[in-house]
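Down below is the structure, laid out as structure tokens.
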Amino acid sequence: MLTATSATDLYEIMRESLSRVVPDFELRYKAELAFRINELKKTRKAVILGHNYMEPALYHSIPDFTGDSLELCRKAAATDADIIVYCGVRFMAETAKILNPTKTVLIPSPRAGCSLAESISAADVRDLKARFPGVPVVTYVNTYAEVKAESDVCCTSGNAAKVVGSLDSERVIFLPDEYLARNVARETGRRIIFPTRTPRTRDGAELDYQMVGWMGRCEVHEKFSARDIADVRRQFPDVVVLAHPECSPEVVAASDFSGSTAAMIDYVKRTHAARYLLLTECSMGDNIAAANPAKEMVRLCSVRCPHMNEITLEQTLAALEQTRYVVDVPEDVQRRARRAVERMIEIG
Ligand code: SF4
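Numbered by this note's numbering, the letters in the sequence shown go through residues 1 to 348 in order.
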């Protein structure tokens, strides 16, 4: 978190890392808002968690902690603040609530949803469990609390293969991201089926599978193609390509590295290529560019997640001023979902 004694002071600090990615007039305006938020945060005894996909000015000014879903889960579990303001999308704020049932959790915009989380319901999971009895359910954290509550364990893109491997089960149900499931299946050498696509066998023969997937997609990562990578490589033969595991297996195969947002940030920090192409949400490219001024980020995208984009400094200020929007999860759902989330955190 930045410590500044005035809005001008904060502007100067932000300018050091953001002058190449945020226009100056915007930076001045945002520094004022960020200073007010940071002052209010102290009086309200609040902590702000900022996902890696937050826009650069917000990301570099108000969060006490930044990171991917897994890192922020751990921070949420350890905080002693009265209020948690989650600058991310709803399923993330729900996870913070699940881990902190007695605390007030706020999300700055009620419209910060997620195409992936919307793709599956608790009833869908119950149907799958009935169809594949006894097969453990691994659920990506990018799901709503009711879906987590039906699961044995959660995972993130950073630990998905490890969680699957930890189950000591020949078969797993892995929900809901189709591409992450395909990438994990390939990494762990498992044959995957998609029941919404794969018909039941008519002759009663058992389906040959080790993983059961679902056809959910992230509306951001599904947009990248192997053709995009080939085009960029033609222009910049020395570019190093990093893809998020929510991209298609073809994109992941054509890339030089695939990992969670935290793993991508770490990769750029510890390697020394002249250029990088990041196949993930746009703002993260800006945030990495700000942190690594000597390295060039090739900008392929204008692919901003519309849900993450709902979270602004203005909305965050209003959240703290008006204690809005409170994230609630029914108690029995919390209790069942907590088991799955805590199990994931234990696995690491
Ligand atoms: S980037 Fe994709 S997975 Fe993340 S919140 Fe947006 S739609 Fe959901």
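We treat Cβ as the ideally placed atom computed from N, Cα and C, and that holds for glycine.
Drop a sphere of 10 angstroms on the beta-carbon of Ala363, count the other beta-carbons inside from all chains shown, and report buried for 16 or more, exposed for fewer. Look at the range of the chain in this structure, 1 to 348, and you will see that residue 363 is not part of it.
Please work out which residues of its chain come closer than 7 Å, Cβ to Cβ, to Arg233, disregarding the five sequence neighbours upstream and downstream, and give them in chain order. In the sequence shown, residue 233 corresponds to position 233, counting from 1. Once the five neighbours on either side are set aside, the close Cβ partners of Arg233 are Val239.
Considering Glu55, what are the terminal residues of the beta strand (DSSP E) in which it resides? Translated into the one-based positions of the sequence shown, residue 55 becomes position 55. Looking at the DSSP string, Glu55 is not in any beta strand (DSSP E), and its letter there is neither H nor E.
Looking at the strands, I want to know which residues DSSP matches up with Tyr86. Indexing the sequence shown from 1 puts residue 86 at position 86. Paired residue(s): Leu49.
For Arg111, I'd like the list of residues in its chain whose CB is within less than 6 Å of its CB, leaving aside the five on either flank, ordered along the chain. As a working note, residue 111 is residue 111 in the sequence shown. Closer than 6 Å at Cβ, skipping near neighbours: Glu310.
Would you mind giving the Cβ-Cβ distance between Phe174 and Val212, rounded to the nearest angstrom? I have them listed as a contact below 8 Å. Sequence index remark: in the sequence shown, residue 174 carries index 174 (1-based). Sequence index remark: in the sequence shown, residue 212 carries index 212 (1-based). The pair is a contact, with the Cβ atoms about 7 Å apart (cut-off 8 Å).
So which of Asn287, Val85 and Met92 has the shortest CA-CA distance to Pro63? Reading the sequence shown from its first residue, position 63 is the one you call residue 63. Of the listed residues, the one whose Cα sits closest to Pro63 is Val85.
I need the DSSP call for Val212, collapsed to helix, strand or coil. Numbered from 1 along the sequence shown, position 212 holds the residue referred to as residue 212. In this structure, Val212 counts as strand in the three-state DSSP scheme.
Can you tell me whether Lys30 is buried or exposed, with buried defined as 16 or more other CB within 10 angstroms of its CB? Stepping through the sequence shown from its first residue, residue 30 is reached at position 30. Result: buried.
What residue from Glu32, Thr139, Ala77 and Leu313 has the CA that sits closest to Asp177's CA? As a working note, residue 177 is residue 177 in the sequence shown. Among Glu32, Thr139, Ala77 and Leu313, the Cα nearest to that of Asp177 is on Thr139.
Start-end ranges of the alpha helix (DSSP H) lying completely within the segment 97–141, minimum 4 residues: 115–118 and 122–131
Separation of Glu321 from Glu250, as counted between CA atoms: To locate residue 250, count along the sequence shown from 1; it is residue 250. To locate residue 321, count along the sequence shown from 1; it is residue 321. Each residue's Cα considered, the two are about 46 Å apart.
Scan the segment 145–195 and note each continuous beta strand (DSSP E) run of 3 residues or more that stays entirely inside, going in chain order. 153–155 and 172–175
Is the CB-CB distance between Lys129 and Ala337 below 8 Å? For the purposes of this step, residue 129 is taken as residue 129 along the sequence shown, with counting starting at 1. For the purposes of this step, residue 337 is taken as residue 337 along the sequence shown, with counting starting at 1. No, the Cβ-Cβ distance between Lys129 and Ala337 is not below 8 Å.
DSSP state of Thr66 mapped onto helix, strand, coil: Indexing the sequence shown from 1 puts residue 66 at position 66. Of the three classes helix, strand and coil, the one that applies to Thr66 here is strand, per DSSP.
Any chance the CB of Leu70 is under 7 Å from a heavy atom of the ligand SF4? Your numbering for residue 70 matches position 70 in the sequence shown. Outside the cutoff, so no.
Following a CB-centred definition, is Val89 positioned closer than 7 Å to any heavy atom of the ligand SF4? Position 89 of the sequence shown, counted from the first residue, corresponds to residue 89. True, at least one ligand heavy atom lies under 7 Å from that Cβ.
Simplified DSSP state of Ala318, which is helix, strand or coil: Your numbering for residue 318 matches position 318 in the sequence shown. Ala318 falls in the helix class under three-state DSSP.
Can the beta-carbon of Arg190 be found less than 8 Å from the beta-carbon of Val135? Within the sequence shown, numbered from 1, the residue matching residue 190 stands at position 190. Within the sequence shown, numbered from 1, the residue matching residue 135 stands at position 135. Result no, Cβ atoms of Arg190 and Val135 do not sit closer than 8 Å.
Based on Cα-Cα distance, which residue from Asp124, His51 and Ser61 lies nearest to Val89? Residue 89 sits at position 89 when you count from the first residue of the sequence shown. With distances taken between Cα atoms, Val89 lies closest to His51.
Cβ-based neighbour list, Leu116, same chain, cut-off 7 Å, excluding 5 preceding and 5 following: Working through the sequence shown from its first residue, we reach residue 116 at position 116. Closer than 7 Å at Cβ, skipping near neighbours: Asn142, Pro176, Asp177, Gly216, Arg217 and Cys218.
Less than 8 Å between the beta carbons of Asp82 and Lys103, yes or no? Taking the sequence shown and counting its residues from 1, the one referred to as residue 82 is at position 82. Taking the sequence shown and counting its residues from 1, the one referred to as residue 103 is at position 103. Yes; because the gap between Cβ atoms is below 8 Å, this pair is in contact.
At a cut-off of 7 Å, is Ser115 close to the ligand SF4 when judged by its beta-carbon and the heavy atoms of the ligand? The count along the sequence shown starts at 1 and reaches residue 115 at position 115. Yes, Cβ of Ser115 sits closer than 7 Å to a heavy atom of the ligand SF4.
Measuring only the C-alpha atoms, how far is Pro101 from Arg339? In the sequence shown, counting from the first residue as 1, residue 101 sits at position 101. In the sequence shown, counting from the first residue as 1, residue 339 sits at position 339. Near 13 Å, if we compare the C-alpha coordinates of Arg339 and Pro101.
Val240 lies in the beta strand (DSSP E); which residues open and close that run? On the sequence shown, residue 240 is found 240 positions in, with the first residue counted as 1. Val240 to Ala243 is the extent of the beta strand (DSSP E) around Val240.
Local conformation of Leu278 per DSSP, three classes: Residue numbering aside, residue 278 sits at position 278 when the sequence shown is read from its first letter. The answer is strand: DSSP assigns Leu278 an E or B state.
Check whether the Cβ of Glu94 sits closer than 7 Å to any heavy atom of the ligand SF4, and report yes or no. Within the sequence shown, numbered from 1, the residue matching residue 94 stands at position 94. Incorrect: Glu94 has no Cβ contact closer than 7 Å to the ligand SF4.
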